[in-house]
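Let me begin by presenting the structure, written as structure tokens, before commenting on it.
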Amino acid sequence: MGKNSKIQWTDSTVNPTKGCGGCELWGLNVSVCYAGRLTKRFGKSNKGLAKDFDVVELAPGRMAEAARWSDLSGTSRLDKPWLGAGRRKVFVGDMADILSKEVPFDYLQKELIDVATSELGRRHDWQLLTKRPQRLKLFANWLSKRRIAWPTNVWVGTSVTRQSTTKRIAALLKVGDRNITRFVSVEPQLERIDLSAFLPGLDWIIQGGESGSPARAFDLSWADDLRGQCKRFRVAYFLKQLGSRVIEDGERAYFEDRSGGNWPEWPPRLQVRQMPS
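As structure tokens, then:
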């Protein structure tokens, strides 16, 4: 967890669990997930990380600690002006997927929902991101049967990388009511993606290319396309980074920032970092 995160679209990060049950970026034949790579490298020496990324562990108390962080309402972020002067944004699950099947629903209620709705937790917006929105939907239904409504300060999001993975969004749209902020992280984007079928029910799109080495290509036309889709449906659009291998007009483009995250280097038309209202 980190009180001051370098991730462009949030203020802080917290992980009430460790490890992940796997996805298209991490498994038997693939190991490109940044969280998995960091855990593999530092997990044995860093108590904050899982010893083995493939083994899911619970980490109680972290959400409560994060809830005690100061409220940032009225505070301008000089390094992230696009965040405005709103409430603290806390990314839940940057180094783990808390909706992995090994995590019990009663634990999620106690660690996530109860903390987010506590006196301290209500001051922040909790940005929950998972590649398992189907299980997130089941958890929301589980809460509903106990007469617990999904909190409006817990945003719900899912990650997609290819067009085939956009089917995750259908489950995300069934979490809570229309007062809930729903977002999709298209990162790392590995091919052109059309979200027009889902955008009417979404509030925010984050887009980014793959960083590190070796990185797969990110075509700037994909950014133009997705930005246009968001503009058409009036959905907030946030271009996080271009990645380490950028293609423009069929040729490789190079930037001083090897991850392509320094937006003054980008074409002006792509310097867009909007937050959901």
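Going by the numbering used here, the sequence shown opens with residue -15, and the numbers climb by one from there.
Cβ atoms here follow ideal geometry from the backbone N, Cα and C, with glycine treated the same way.
Being a predicted model, the structure only gives us computed values, none of them experimental.
Sort the options by Cα distance to residue i and report the nearest one.
{"i": "residue 230", "options": "221, 66 and 205", "result": "205"}
{"i": "residue 138", "options": "164, 120, 114 and 156", "result": "164"}
{"i": "residue 220", "options": "211, 87 and 91", "result": "211"}
{"i": "residue 224", "options": "132, 178 and 170", "result": "170"}
{"i": "residue 16", "options": "74, 198 and 218", "result": "198"}
{"i": "residue 2", "options": "9, 33 and -13", "result": "33"}
{"i": "residue 67", "options": "-15, 109 and 201", "result": "109"}
{"i": "residue 232", "options": "127, 201, 214 and 248", "result": "201"}
Just verifying my parser: in three-state terms, what is the DSSP assignment at residue i?
{"i": "residue 99", "result": "helix"}
{"i": "residue 12", "result": "coil"}
{"i": "residue 269", "result": "Missing from the structure shown is residue 269; the chain here goes from -15 to 261 and no further."}
{"i": "residue 113", "result": "strand"}
{"i": "residue 139", "result": "strand"}
{"i": "residue 214", "result": "helix"}
{"i": "residue 3", "result": "strand"}
{"i": "residue 128", "result": "helix"}
{"i": "residue 42", "result": "strand"}
{"i": "residue 199", "result": "coil"}
{"i": "residue 220", "result": "strand"}
{"i": "residue -14", "result": "strand"}
{"i": "residue -3", "result": "strand"}
In whole angstroms, give me the CA-to-CA distance for residue i and residue j.
{"i": "residue 141", "j": "residue 13", "result": "26 Å"}
{"i": "residue 7", "j": "residue -9", "result": "21 Å"}
{"i": "residue 174", "j": "residue 192", "result": "10 Å"}
{"i": "residue -3", "j": "residue -11", "result": "6 Å"}
{"i": "residue 130", "j": "residue 112", "result": "21 Å"}
{"i": "residue 84", "j": "residue 116", "result": "7 Å"}
{"i": "residue 136", "j": "residue 234", "result": "43 Å"}
{"i": "residue 276", "j": "residue 0", "result": "In the structure as shown, the chain begins at -15 and stops at 261. Residue 276 is therefore absent and cannot be evaluated."}
{"i": "residue 168", "j": "residue 28", "result": "32 Å"}
{"i": "residue 186", "j": "residue 228", "result": "28 Å"}
{"i": "residue 97", "j": "residue 76", "result": "12 Å"}
{"i": "residue 30", "j": "residue 44", "result": "17 Å"}
{"i": "residue 240", "j": "residue 134", "result": "43 Å"}
{"i": "residue 254", "j": "residue 207", "result": "7 Å"}
Counting only C-beta atoms, is residue i closer than 8 Å to chain C at any point?
{"i": "residue 257", "result": "In the structure shown, chain C does not exist; there is a single protein chain."}
What are the complete alpha helix (DSSP H) segments, minimum 4 residues, inside the region 46 to 109?
Runs of the alpha helix (DSSP H) lying entirely within the region 46 to 109 and spanning at least 4 residues, in chain order: 46 to 51 and 89 to 92.
Which ranges does the beta strand (DSSP E) cover as unbroken runs of at least 3 residues, wholly within the region 223 to 247, from first to last along the chain?
You should have 230 to 232 and 235 to 237.
Inside the region 153 to 196 only - beta strand (DSSP E) runs reaching at least 3 residues:
Correct list: 166 to 170 and 188 to 192.
For the pair the region 105 to 123 and the region 83 to 94, tell me if three or more CB-CB distances fall below 8 Å.
In short, these stretches touch, since the Cβ pair count reaches three.
If you pair each beta-carbon of the region 20 to 36 with each one of the region 57 to 69, do three or more pairs fall below 8 Å?
Below 8 Å, too few C-beta pairs join the region 20 to 36 and the region 57 to 69 to call them touching: fewer than three.
Validate contact between the region 44 to 52 and the region 96 to 105 using beta carbons, cut 8 Å, 3 pairs:
The region 44 to 52, when compared against the region 96 to 105, does touch it at the 8 Å Cβ threshold.
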